[in-house]
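**Student:** Numbering (the working numbering), first residue to last: 244 to 478. Pasting in a structure now, in structure tokens, and then I'll have a few things to ask.
This is how it looks when you write it as structure tokens:
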């Protein structure tokens with residue numbers, strides 16, 4: 244997308260339904276909401292409302308909606324809950340899957356992308372943290388994300404609309420890890436993305452270790468999301 248272009252807000256019943264705009268401007272919008280520098284669109288207190296878990300971390304609490312209560316029984320909550328319970332049963336309560344609280348799926352109008360499997364980073368690493376929003380409307384699938392560990396925003400738009408929204412998350416998996424490698428001065432990892440639910444999936448960059456409670460050692464697992472180093476350190 245170019246640096247200039249029109250913004251459109253689609254409404255239904257008087258309420259904003261969709262935001263349409265050029266990809267670079269959407270990334271700029273996300274950065275100006277959450278970024279560490281540049282113009283601040285909202286006061287810190289309102290930004291904290293948007294970041295999943297931020298108010299809980301500060302002791303301020305969250306509403307039931309912000310903790311994800313409206314998703315109970317929904318596809319995100321049920322898929323993530325099944326994965327959590329399976330991991331607890333097989334690997335014990337200290338499984339890396341426990342590192343993300345299920346109540347923090349949502350901030351105010353913001354998804355916790357960390358638990359939607361788009362970063363491919365070890366779940367104990369700050370590089371695994373991401374929040375933003377998915378988009379699907381009228382022939383387009385998209386995603387916009389902010390990564391606080393490297394203070395970067397990424398926006399991806401496609402000219403297709405599917406029933407699974409796979410393309411934006413798949414692309415973000417590859418783009419983010421290429422960007423992260425460039426920022427850190429490391430080799431770009433080989434990553435692949437597989438869809439697990441309408442909202443979530445798995446960006447696999449090799450961080451698939453989990454601590455097996457019976458063997459008391461780290462093993463590769465479809466339920467694991469730790470690097471070998473993080474797993475060995477915490478197992």
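Yeah, the Cβ is synthetic: ideal placement off N, Cα and C, and Gly gets one too.
Using the C-alpha atoms, what's the distance from residue 440 back to residue 270?
**Tutor:** Start at 1 with the first residue of the chain shown, and residue 270 comes out as number 27. Start at 1 with the first residue of the chain shown, and residue 440 comes out as number 197. Between residue 270 and residue 440, the C-alpha separation is close to 25 Å.
**Student:** Please say whether residue 461 and residue 452 have beta carbons closer to each other than 9 Å?
**Tutor:** Residue numbering aside, residue 452 sits at position 209 when the chain shown is read from its first letter. Residue numbering aside, residue 461 sits at position 218 when the chain shown is read from its first letter. Yes, Cβ-Cβ distance for residue 452 and residue 461 is below 9 Å.
**Student:** Whose C-alpha, out of 359, 355 and 290, is nearest the C-alpha of residue 412?
**Tutor:** Taking the first residue of the chain shown as position 1, residue 412 is located at position 169. Checked all of 359, 355 and 290; the closest Cα to residue 412 is 359.
**Student:** Go to residue 414, then tell me how far its alpha helix (DSSP H) extends in each direction, as first and last residue.
**Tutor:** In the chain shown, residue 414 corresponds to position 171, counting from 1. Per DSSP, the continuous alpha helix (DSSP H) segment holding residue 414 begins and ends at 409-427.
**Student:** Please say whether residue 448 and residue 469 have beta carbons closer to each other than 9 Å?
**Tutor:** The count along the chain shown starts at 1 and reaches residue 469 at position 226. The count along the chain shown starts at 1 and reaches residue 448 at position 205. Result no, Cβ atoms of residue 469 and residue 448 do not sit closer than 9 Å.
**Student:** For residue 386, which three-state DSSP category applies?
**Tutor:** Numbered from its first residue, the chain shown carries residue 386 at position 143. Three-state DSSP puts residue 386 in a strand.
**Student:** Please state whether the Cβ-Cβ distance between residue 393 and residue 426 is less than 9 Å.
**Tutor:** One-based indexing of the chain shown puts residue 393 at position 150. One-based indexing of the chain shown puts residue 426 at position 183. Taking 9 Å as the Cβ cut-off, residue 393 and residue 426 qualify as a contacting pair.
**Student:** For the region 388-403 and the region 471-478, state whether three or more C-beta atom pairs, one from each stretch, are separated by less than 8 Å.
**Tutor:** no
**Student:** Judging by CA-CA distance, which residue of 296, 347 and 363 is the nearest neighbour of residue 465?
**Tutor:** One-based indexing of the chain shown puts residue 465 at position 222. The candidate whose alpha carbon is nearest that of residue 465 is 363.
**Student:** Under 9 Å, Cβ to Cβ, is there at least one residue of chain C near residue 430?
**Tutor:** Absent here is chain C; the protein component of the structure consists of one chain.
**Student:** Taking DSSP as the reference, what is the three-state secondary structure of residue 461?
**Tutor:** Indexing the chain shown from 1 puts residue 461 at position 218. Reduced to three states, the DSSP call for residue 461 is strand.
**Student:** Would you tell me roughly how many angstroms separate the C-alpha atoms of residue 353 and residue 442, rounded to the nearest one?
**Tutor:** Start at 1 with the first residue of the chain shown, and residue 353 comes out as number 110. Start at 1 with the first residue of the chain shown, and residue 442 comes out as number 199. Their backbone Cα atoms lie some 13 Å apart in a straight line.
**Student:** Please name the residue in 390, 459 and 277 whose C-alpha comes closest to that of residue 368.
**Tutor:** Locating residue 368 in the chain shown gives position 125, where the first residue counts as 1. Out of 390, 459 and 277, 390 has the C-alpha closest to the C-alpha of residue 368.
**Student:** Just reading off the beta strand (DSSP E) that residue 447 is part of, what are its end residues?
**Tutor:** In the chain shown, the residue the question calls residue 447 occupies position 204. Element bounds for residue 447: 444-447.
**Student:** Within a Cβ cutoff of 8 Å, which residues of the same chain sit near residue 421, ignoring the five residues on either side of it in sequence?
**Tutor:** Here residue 421 corresponds to residue number 178 of the chain shown, with the count starting at 1. 431, listed in sequence order.
**Student:** Quick check on DSSP: helix, strand or coil for residue 371?
**Tutor:** Residue 371 sits at position 128 when you count from the first residue of the chain shown. If DSSP states are grouped into helix, strand and coil, residue 371 belongs with the helices.
**Student:** Using the Cα positions of residue 295 and residue 262, report the straight-line distance between them to the nearest angstrom.
**Tutor:** Along the chain shown, read from residue 1 onward, the residue named residue 295 stands at position 52. Along the chain shown, read from residue 1 onward, the residue named residue 262 stands at position 19. Rounded to the nearest angstrom, the two C-alpha atoms are 21 Å apart.
**Student:** Between 276, 405 and 266, which has its C-alpha nearest residue 381's C-alpha?
**Tutor:** Here residue 381 corresponds to residue number 138 of the chain shown, with the count starting at 1. Ranking the options by Cα distance to residue 381, first place goes to 405.
**Student:** Are the CB atoms of residue 293 and residue 350 within a distance shorter than 9 Å?
**Tutor:** Locating residue 350 in the chain shown gives position 107, where the first residue counts as 1. Locating residue 293 in the chain shown gives position 50, where the first residue counts as 1. Result yes, Cβ atoms of residue 350 and residue 293 sit closer than 9 Å.
**Student:** Select from 285, 478, 355 and 410 the residue whose C-alpha is nearest the C-alpha of residue 384.
**Tutor:** Residue numbering aside, residue 384 sits at position 141 when the chain shown is read from its first letter. It is 410.
**Student:** Can you say whether residue 478 is buried or exposed, counting buried as having 16 or more other CB atoms within 10 angstroms of its CB?
**Tutor:** To locate residue 478, count along the chain shown from 1; it is residue 235. By the 10 Å Cβ count, residue 478 comes out buried.
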